[in-house]
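Numbering (the UniProt record's numbering), first residue to last: 1 to 530.
Next up, the structure:
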């Protein structure tokens, strides 16, 4: 019994007793008391476990400081076992993607071929030859809608122009139904279940040292049938972004906007309208307490900015009032638009813009009403107006930017939308080729100090994006997939070898499943330990 002194037994005696316990019991004793937990985490107890259970991890560098943490991390389900090799394809595979919740996955191959599978059973829904049906030359990208009932496919037509096609996924018939074709668009992620985000670039028709082109972002209405697409086509202009060097790329739409980030941006916009600094605006709102030190002051400010937003009636009732029409419940349809931008050949930026779709629709309706009533005036640049100032008024500047001291290759967001992973090529600043993966906390908009390293120097296959699930991050070299722990960062856990060059990697957002497109094969990796 604990009151007789078991909780203060000498550590040497406890280690000798724990050494006879099986792994499951060794894990259980950590919950007895804090003293037993500290002794049960002794590396000497876990080294033999690793030798017996984790043969493939013994030779790799440890990621965690304590082997007990290393054991728990690997037990989360790192996919290291090649469960199946799908060899049904007679063409090279280019891309594989999972749906947002992982119910389906799609594969694209050379010759404009696509295949859609059900994830849990790995059953083929349908294989489509878009060269025969749409006259396409190749498929550029695949993207599932957030509700997983529609698939958007971007491809290149025979004349070299790009086109976007949408297909509905019929669960009853286990097949795809063609819906519509949309005009040329460089990127086509889903903005939400109703709208598809498209991006066109218009180069400047004059030479400028400041602005090279204008990116026009617009939304295409999602249709449920081919008839609806023909009778009711709709396009909504979203924003315009000017490009100083190259066009924006790798657009990501996140439904998560942190309270802290949104409130800081709102205060900054109010301060700019009132021609005040952000610090003076915060002082005006009594958000800064000058009587405490800076560290305590910053902690209190963070707590205030992270506080849940409630109106007075909702705060009193602590529940959603049906009759309440405050902004806690209606009038806000926000998303976080993320994209990359190259400042020059060796520097890049990650840009963040909060998009309120409700405000966008309201502004469009007001403009249409003004045009019908003849009250809308078109602004022309005056002779005294600077071109940069004129374009700045008619384009949308990002709400926040993160500057990178390297060339950004691609961006990946975690399944919970809380973390952003940026793959950055540091070769222009380094004598040897080097690629880094950096992690950013989207709740605080701050880069995490620890980085992912080991296995990315050199990094020849820079066109393959990284992929993430709830516990791990996956990237690749020429013919190997490199696996990291999302929580612990540090060196890579393992490398998964493939017989052919790796073209695409997709991790199931929730299950412990990894898909790798390599040559004419689809490799399916699962955990070795349950």
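The beta-carbon is built from N, C-alpha and C at its ideal position, and this holds for glycine as well.
No experiment lies behind these values; they were computed from the predicted model shown.
If we count the other Cβ atoms within 10 Å of its Cβ and call it buried at 16 or more, is residue i buried or exposed?
i: residue 123; result: exposed
i: residue 113; result: buried
i: residue 205; result: exposed
i: residue 11; result: exposed
i: residue 223; result: buried
i: residue 17; result: exposed
i: residue 465; result: buried
i: residue 507; result: buried
i: residue 409; result: buried
i: residue 159; result: exposed
i: residue 170; result: exposed
i: residue 9; result: exposed
i: residue 135; result: exposed
i: residue 243; result: buried
i: residue 275; result: exposed
i: residue 210; result: exposed
i: residue 132; result: exposed
i: residue 362; result: exposed
i: residue 37; result: exposed
i: residue 91; result: exposed
i: residue 193; result: exposed
i: residue 460; result: Here residue 460 scores only 45 on pLDDT, less than 50, and its place in the model should not be relied on; the value that follows carries that caveat. So residue 460 ends up on the exposed side.
i: residue 272; result: exposed
i: residue 230; result: exposed
Strictly by DSSP, which residues pair up with residue i?
i: residue 272; result: Residue 272 pairs with nothing; no bridge assigned.
i: residue 341; result: 349
i: residue 239; result: 217
i: residue 162; result: 156
i: residue 482; result: 475, 495
i: residue 507; result: 514
i: residue 200; result: 216
i: residue 144; result: 151
i: residue 89; result: According to DSSP, residue 89 bridges with nothing at all.
Mapping the DSSP letters down to three states, classify residue i as helix, strand or coil.
i: residue 442; result: coil
i: residue 514; result: strand
i: residue 111; result: coil
i: residue 50; result: helix
i: residue 223; result: coil
i: residue 458; result: Unreliable positioning characterises residue 458 in this predicted model, as indicated by a pLDDT of 41, which lies under 50. A coordinate reading is not provided.
i: residue 248; result: coil
i: residue 358; result: helix
i: residue 321; result: Any reading at residue 321 must be qualified, since the residue scores a pLDDT of 45, below 50, and its modelled position is unreliable; the value itself is stated next. In the structure shown, residue 321 sits in coil (DSSP, three-state: anything other than H, G, I, E or B).
i: residue 541; result: Since the first residue shown for the chain is 1 and the last is 530, residue 541 is missing from the structure and cannot be characterised.
i: residue 418; result: coil
i: residue 537; result: Given that the chain is displayed from residue 1 to residue 530, the structure contains no residue 537 and the question cannot be resolved.
i: residue 411; result: strand
i: residue 10; result: coil
i: residue 211; result: coil
i: residue 334; result: strand
i: residue 232; result: coil
i: residue 397; result: coil
i: residue 72; result: helix
i: residue 120; result: coil
i: residue 277; result: coil
i: residue 329; result: Unreliable positioning characterises residue 329 in this predicted model, as indicated by a pLDDT of 49, which lies under 50. A coordinate reading is not provided.
For the ligand FAD, is there a heavy atom less than 7 Å away from the beta-carbon of residue i?
i: residue 52; result: Here there are no bound small molecules, and the ligand FAD is not part of this structure.
Just checking my contact of residue i with residue j at CB under 8 Å: how many whole Å lie between their CB atoms?
i: residue 95; j: residue 504; result: 5 Å
i: residue 126; j: residue 93; result: Going by Cβ atoms, the distance from residue 126 to residue 93 rounds to 17 Å, so no, they are not a contact pair.
i: residue 183; j: residue 143; result: So it is not a contact: roughly 17 Å between Cβ atoms.
i: residue 251; j: residue 197; result: 6 Å
i: residue 491; j: residue 29; result: At roughly 29 Å, the Cβ-Cβ gap does not stay under 8 Å, so residue 491 and residue 29 are not in contact.
i: residue 151; j: residue 106; result: 6 Å
i: residue 239; j: residue 396; result: 4 Å
i: residue 336; j: residue 256; result: 7 Å
i: residue 138; j: residue 153; result: Not really, about 11 Å apart at Cβ, beyond 8 Å.
Of all Cβ atoms in chain B, is any one closer than 8 Å to the Cβ of residue i?
i: residue 90; result: The question asks about chain B, but that chain is absent: this structure has only one protein chain.
- If you pair each beta-carbon of the stretch 48-55 with each one of the stretch 489-499, do three or more pairs fall below 8 Å? no
- Message: Between the stretch 514-527 and the stretch 83-91, can you find at least three pairs of beta-carbon atoms closer than 8 Å?
- Response: yes
- Is it a yes or a no for the stretch 401-412 touching the stretch 332-349, going by three-plus beta-carbon pairs under 8 Å? yes
- Item | Meets three-Cβ-pair contact criterion under 8 Å: the stretch 484-496 and the stretch 68-78 | yes
- Message: For the structure I just gave you, are there three or more beta carbon pairs, one from the stretch 408-423 and one from the stretch 438-449, closer than 8 Å?
- Response: yes
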